[in-house]
Structure formats: C-alpha cells, structure tokens
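Visitor: One structure coming up, written as structure tokens, with questions to follow.
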Amino acid sequence: MSFDPDLFESMRLELRRGSLVLAVLACLRTERYGYTLRQALAADGLEMEESTLYPLLRRLESQGLLDSEWREEEKRKKRFYRLSPAGVSMLAALTDEWRGINASLDKIL
Amino acid sequence: MDMIDRYLAAVAAQLPQDERADITAELRDLILSRFEAKEEELGRALTEDEQEAILREIGHPLVVAARYRKGPDSLVGPELFPYWLFGVKAGLLVLLVVQAIGLFLNLVAGPSDAGQSIAHAFHGFFWSGLTLIGAATLAAAIFEHYGVRPKWMTQWRVRDLGAFGLSDPSTWGAAMGASASTAPKPPAAAWKPARKSWPGADHAFSFIAIGIFALWWVGVLHFPGLVRIGLRGEDAVITAAPIWATLFFPILIYALIQMSIHLDGVFRPQGARLRALAEIGVAIGGLWLTYVIFQAGHWFTLTVGDDSARIAGDWVMLSFDTLRTLGDGTRDLVGVASTLSVVMVWVLAISAISLVFKIFGAAWRLVRP
C-alpha cells in the first residue's frame, strides 16, 4: 500500500528537526563559520537551509553553548563559531541521550 | 544600491536595531560565499537572474528575518490554542444568546419586519463575534509573548474538566436544562450542571460574559438589534432613560469589580473564602443599583417617528395579576411599551432576588467548615 508523500515529508522533517542541533554542536567541535559549517553538514548528508542554520547559531550562542568571533579570512570578515565549555558538556549529555534513543529504537525497529 | 544591498535592507528593516548590523554582516558573507561558489562551479561571473535565484534559495527577507526573532513565532501557539478555542466558542455562544434576545424582542414587537430583524441580529453577531475573536487573540498573544501559564492550565484535575463541555452547543443546550428541546442528549461523560465542580471554568466563562457586557457598556461592542426594533412595519428606537447615564460609572465599576473577582477565580481557584467576602460586597452593591434603577421608574423610551412611549414601572406592577396580562396588550407603540415595562419590572425583581440568594450562597461558603 502506497503512502502520502507530503505526509512522509512532513514526518521526515519532524524527525530530523531535533537531531539538527546535535549535528551542529558536534560539527562545531572544530571552529567554523556559517558557510563552511553548512558545507560540512551537507557533506555528511545533513542538508540545512541557511535561513534555519544562521538563526540557530545565534540562538545557541545566546544560550551560552557557542562562542563566536569576527575575523578576516579570504579578504572578508567572517564570524567563526566553536563550542563553548558549556557547549562541550551539553554535547556530551545530548550524545548520551541520542545513543540511548537510538539503541531503544534499534530494538523496536 | 545593488541586489545584495536591497535584499539585506529588506531583512534589516524587520530586525531589532541593536542586532541589525551584526546579522546583516553575517548574511552578506553568506551571500557572497554562495555567489563565489556558484561562479567557481560555472567558471564565469553570475548573471543578475542567477544571483536572484540564489537569494530566493536563501529565503524571502520576511521569512529570514522572522527566524531571528526571539519571541514566539505565532500569535496563539499550539499550547494555548485549545484554551483560545474554548474562550472563543464560549464567547460566541454568549453573543448568540444576546443577539437571540434582541431578535426575540424585535419579533415580539413587530413580526412584519422579521427579515430586517434577522439581518440586524446577524450583522450584530458578525461584528461583535469578530471583535471577540480579535480580543481573544490579543489576550493569547500577550500570554504567548510573556510566557504566562496560569495554574489552571498546568495543574488541572480530571474531576474539573466537565465544565469544558460548555463550548459544545449541543451539550450547552442540555446543560441549560433544555431536556425537552430537540438538542441531542450529551453523552454520559459530558457536562452536567449538578457536577460542575471546577470553579476556574465557571469564573472564566463569567469573566468572558461580563467582559462582553462591559465592552458593550462603554461602546466598544455594538448590538444594533437591541436598540432598534420593528413595530408594525416601522422602525422603533429604544433610547435609554437618564437613569442609565447617571449610573454609567457605578454600573461600569460594578462590572469591572465582578470581572476582577472572576479573574481571581480563574488564576487562584483555591481562594474561595476571600472571594466569597468580595462577592457579598459586590452583590450588596448590585442590590443598591437595582433599587436605584427601580426607584427611577423610567428606564427606556420607545420612539416611532414623532410618537414615543415610556418603558416605566413601579411597585404596583409587581403583582402576579399584572404578569398574567403580559400577552394581552396591543401590538401598537403603547401596548409594546407597556409589555416591555412589565418585563422590565420583573427582570429587576428577579435580579434582586437572585442577588439576595447570591449573598446567602457566598455567606455559606464563607462560614462552612
């Protein structure tokens, strides 16, 4: 029996939404600016719209999980982000949580 | 101004002043990085159309700016929406009843203008309904913005949920005791008057009902059907007697105090004793108002063209004999005014009796163990 592709798309996005924060935090163990971060996520199979990624970076920074710095690179000023000490702890806790959910789902699925 | 500047100016206009420069600088770098990557891929400079296509991929300026907003991204979020819906449904039902009363008065006074009366009632219901929905949305937006979550939303109990059946018209009809009506009987789990044990829901409902009255009293809401009725094919206008202007502020204060008591009941359902004390004071005030209105003796004037008749009364009309002759009056101006006078006398009398009962009820809540 076939399923509704629109419904699938909306459920797929819902499923992905929560995991994107974890992916962004994990990627920022290495310092990056927005554009290269998006490329790194895409290279690992996690495409993310700029209009979602950039506001998310600012939110995570305002929550104290990221540090940022304006620096010049390739003749342009860019804003570089990396995990703050609080972000490192949060990433470790969320990773444990993610692995727990994953293990449970593996059993169920 | 080039394309990027125009795009960023549109985004910046939607952002808070203190963050504009920072956010647009970062977006400018993103856009330039995207342009450069595409140019590298194509091996040439981008055309304007290609640049515009990339900006479209990044998103409409309103959408992009909205993602940076710190507050809630909807007026009524999913958490508040069920409460908003209940408030709107219950409020619309109250408005429907008010309009139905106006329509009833019209139809009693002059059945020849039934079509016009129905149109008036529909018009009144439509606009007051829109105002109500706007007010409910504004209230929800304020709740959403400030993250207000009253206790009755977060610490509810199962036994308190029955009163929410009020927003279902079929349950409402049954709840009002209309067992002989054609309204379908509610399922066993639906609201029953004898078991409405959650004061919070009653207070919420009363707050909305008195709030609608207060808005009408100060002239924000209009119910055209209440002041204009059809009388033998002619337009009859009901104008208020001077007593209402004299009592404008006392009645407004009376309504506002009641609203604040019910609001307290919504947010603090457990403070019943203090509220009972306040209710006694308010009911005594209501009795005084009723007495003053009754003593004024003249309440409204019914006017058709150059003719007018007073809707007025006194203690003599407060007899069951007068009540028995209620339907016998003529359908002319004087007859209708006379009928409405009797109705008004009895409405005031019943109002006074119910206030006395209210005082006793509140006193009992105050002293019971």
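Each protein sequence line maps, in turn, to chains Z and P.
Here the working numbering runs 648 ahead of the position in the first sequence, where the first position is 1.
Here the working numbering runs 1110 ahead of the position in the second sequence, where the first position is 1.
Heads up, the beta-carbon is just placed ideally off N, CA and C, and yes, glycines get one too.
Only a predicted model underlies this, so the values are computations on that prediction, with no experimental measurement involved.
Give a yes or no on whether the C-beta atoms belonging to residue 1421(P) and residue 1450(P) are separated by under 8 Å.
Guide: Stepping through the second sequence from its first residue, residue 1421(P) is reached at position 311. Stepping through the second sequence from its first residue, residue 1450(P) is reached at position 340. Yes, they are a contact pair.
Visitor: Quick one: which chain P residues come within Cβ less than 7 Å of residue 699(Z)?
Guide: Locating residue 699(Z) in the first sequence gives position 51, counting from the first residue. Here the neighbours are 1168, 1169, 1173, 1174 and 1177.
Visitor: Hey, residue 1168(P) and residue 698(Z) are a contact pair by Cβ (cut 8 Å); roughly how many whole angstroms apart?
Guide: Numbered from 1 along the second sequence, position 58 holds the residue referred to as residue 1168(P). Numbered from 1 along the first sequence, position 50 holds the residue referred to as residue 698(Z). That belief holds up - the Cβ atoms of residue 1168(P) and residue 698(Z) are roughly 5 Å apart, short of 8 Å.
Visitor: Going by beta carbon distance, what residues of the same chain come within less than 6 Å of residue 1292(P), once the five residues before and after it are set aside?
Guide: Numbered from 1 along the second sequence, position 182 holds the residue referred to as residue 1292(P). Note that residue 1292(P) scores 40 on pLDDT, short of 50, meaning its location in the model is unreliable; the coordinates nonetheless yield the value given after this. Excluding sequence neighbours, residue 1292(P) sits near nothing in its chain.
Visitor: Cα separation between residue 1375(P) and residue 1390(P)?
Guide: Taking the second sequence and counting its residues from 1, the one referred to as residue 1375(P) is at position 265. Taking the second sequence and counting its residues from 1, the one referred to as residue 1390(P) is at position 280. Between residue 1375(P) and residue 1390(P), the C-alpha separation is close to 15 Å.
Visitor: Which chain Z residues sit within Cβ distance under 9 Å of residue 1139(P)?
Guide: Walking along the second sequence from the start, residue 1139(P) turns up at place 29. Chain Z residues near residue 1139(P): 681, 682, 683, 724, 725, 726 and 727.
Visitor: Comparing C-alpha positions only, which one of 1171(P), 1386(P) and 1162(P) sits nearest to residue 1471(P)?
Guide: Counted from its first residue, the second sequence places residue 1471(P) at position 361. Ranking 1171(P), 1386(P) and 1162(P) by Cα distance to residue 1471(P) puts 1386(P) first.
Visitor: In the DSSP assignment, find the beta strand (DSSP E) that holds residue 1410(P) and state where it starts and stops.
Guide: Counted from its first residue, the second sequence places residue 1410(P) at position 300. Looking at the DSSP string, the run of the beta strand (DSSP E) that includes residue 1410(P) is 1408-1414.
Visitor: Cα separation between residue 1379(P) and residue 1314(P)?
Guide: Working through the second sequence from its first residue, we reach residue 1379(P) at position 269. Working through the second sequence from its first residue, we reach residue 1314(P) at position 204. For residue 1379(P) and residue 1314(P), the distance between alpha carbons rounds to 11 Å.
Visitor: Pairing CB atoms from the segment 729-744 of chain Z with CB atoms from the segment 654-667 of chain Z, are three or more of them under 8 Å?
Guide: Flag = no, the segment 729-744 of chain Z and the segment 654-667 of chain Z do not touch.
Visitor: Got a sec? Which residues, its chain only, sit under 7 Å from residue 675(Z) by beta carbon, not counting five neighbours each side?
Guide: For this step, residue 675(Z) is matched to residue 27 along the first sequence. Taken in chain order, the residues that qualify are 685, 688 and 689.
Visitor: By DSSP's criteria, residue 717(Z) is part of a beta bridge. Which residues make up the other side?
Guide: Position 69 of the first sequence holds residue 717(Z). Answer by DSSP bridge pairing, in chain order: 728(Z).
Visitor: Distance check for residue 1397(P) and residue 1462(P), CA to CA, integer angstroms please.
Guide: Here residue 1462(P) corresponds to residue number 352 of the second sequence, with the count starting at 1. Here residue 1397(P) corresponds to residue number 287 of the second sequence, with the count starting at 1. Looking at the two C-alpha atoms, the distance is approximately 6 Å.
Visitor: Any contact between the segment 1146-1162 of chain P and the segment 1231-1247 of chain P? By contact I mean 3 or more CB pairs, one from each, below 8 Å.
Guide: They do not touch, by the three-pair rule.
Visitor: Apart from the five residues on each side of it in sequence, which residues of its chain come closer than 8 Å, Cβ to Cβ, to residue 1198(P)?
Guide: Counting from one through the second sequence, the residue named residue 1198(P) turns up at place 88. So the qualifying residues of the chain are 1242, 1243 and 1246.
Visitor: Tell me the start and end of each unbroken alpha helix (DSSP H) in the segment 1158-1210 of chain P that is at least 4 residues and wholly inside, in chain order.
Guide: Within the segment 1158-1210 of chain P, the complete alpha helix (DSSP H) runs of at least 4 residues are 1158-1168 and 1171-1177.
Visitor: For residue 708(Z), count neighbouring C-beta atoms within 10 Å of its own C-beta (all shown protein chains included) and say buried if the count is 16 or more, exposed if not.
Guide: In the first sequence, the residue the question calls residue 708(Z) occupies position 60. It is buried - the Cβ of residue 708(Z) has at least 16 other Cβ atoms within 10 Å.
Visitor: Measuring straight from C-alpha to C-alpha, what distance separates residue 1383(P) and residue 1362(P)?
Guide: On the second sequence, residue 1383(P) is found 273 positions in, with the first residue counted as 1. On the second sequence, residue 1362(P) is found 252 positions in, with the first residue counted as 1. Between residue 1383(P) and residue 1362(P), the C-alpha separation is close to 25 Å.
Visitor: How many Å lie between residue 747(Z) and residue 754(Z) at the Cα?
Guide: One-based indexing of the first sequence puts residue 747(Z) at position 99. One-based indexing of the first sequence puts residue 754(Z) at position 106. Between residue 747(Z) and residue 754(Z), the C-alpha separation is close to 10 Å.
Visitor: Please classify residue 1474(P): is it buried, with 16 or more other beta-carbons within 10 angstroms of its beta-carbon, or exposed?
Guide: Mapped onto the second sequence, residue 1474(P) falls at position 364. By the 10 Å Cβ count, residue 1474(P) comes out exposed.
Visitor: So, is residue 1179(P) buried or exposed, given that buried needs 16 or more other C-beta atoms within 10 angstroms?
Guide: Residue numbering aside, residue 1179(P) sits at position 69 when the second sequence is read from its first letter. Residue 1179(P) comes out exposed.
Visitor: Could you check the C-alpha separation between residue 1147(P) and residue 721(Z) for me, to the nearest Å?
Guide: Stepping through the second sequence from its first residue, residue 1147(P) is reached at position 37. Stepping through the first sequence from its first residue, residue 721(Z) is reached at position 73. The straight-line gap from Cα to Cα measures roughly 16 Å.
Visitor: Quick one, are the C-beta atoms of residue 1346(P) and residue 1410(P) less than 8 Å apart?
Guide: Along the second sequence, one-based indexing puts residue 1346(P) at 236. Along the second sequence, one-based indexing puts residue 1410(P) at 300. Taking 8 Å as the Cβ cut-off, residue 1346(P) and residue 1410(P) do not qualify as a contacting pair.
Visitor: Name, please, each residue of chain P whose Cβ falls closer than 7 Å to the Cβ of residue 706(Z).
Guide: Stepping through the first sequence from its first residue, residue 706(Z) is reached at position 58. In chain order: 1178.
Visitor: Helix or strand or just coil, what does DSSP make of residue 1120(P)?
Guide: Taking the first residue of the second sequence as 1, we reach residue 1120(P) at position 10. Residue 1120(P): helix per DSSP, three-state reduction.
Visitor: Chain Z partners of residue 1184(P), CB-CB under 7 Å?
Guide: The residue labelled residue 1184(P) in the question sits at position 74 within the second sequence. Ordered by position in chain Z, no residue passes the 7 Å Cβ test against residue 1184(P), which lies about 16 Å from the chain.
Visitor: Please state whether the Cβ-Cβ distance between residue 727(Z) and residue 681(Z) is less than 8 Å.
Guide: The residue labelled residue 727(Z) in the question sits at position 79 within the first sequence. The residue labelled residue 681(Z) in the question sits at position 33 within the first sequence. Yes, Cβ-Cβ distance for residue 727(Z) and residue 681(Z) is below 8 Å.
Visitor: Can you tell me whether residue 1330(P) is helix, strand or coil according to DSSP?
Guide: Taking the second sequence and counting its residues from 1, one reaches residue 1330(P) at position 220. Of the three classes helix, strand and coil, the one that applies to residue 1330(P) here is coil, per DSSP.
Visitor: Across which residues does DSSP place residue 1418(P) in a beta bridge pair?
Guide: Along the second sequence, one-based indexing puts residue 1418(P) at 308. Paired residues: 1413(P).
Visitor: So, helix, strand or coil for residue 677(Z), using DSSP?
Guide: Numbered from 1 along the first sequence, position 29 holds the residue referred to as residue 677(Z). DSSP places residue 677(Z) in coil when its eight states are reduced to three.
Visitor: Between the Cα of residue 671(Z) and those of 658(Z), 679(Z), 657(Z) and 692(Z), spot the shortest distance and give me the residue it belongs to.
Guide: In the first sequence, counting from the first residue as 1, residue 671(Z) sits at position 23. Nearest option by C-alpha distance: 692(Z).
Visitor: What is the DSSP secondary structure of residue 1405(P), reduced to helix, strand or coil?
Guide: Position 295 of the second sequence, counted from the start, is the residue given in the question as residue 1405(P). Note: residue 1405(P) maps to helix in three-state DSSP.
Visitor: Could you tell me if residue 1089(P) is buried or exposed, where buried requires 16 or more neighbouring beta carbons within 10 angstroms of its beta carbon?
Guide: Nothing about residue 1089(P) can be read from this structure; chain P reaches only from 1111 to 1479.
Visitor: Shorter than 8 Å from the beta carbon of residue 1142(P) to some beta carbon of chain Z?
Guide: If you number the second sequence from 1, residue 1142(P) lands on position 32. Yes, residue 1142(P) counts as interfacial toward chain Z.
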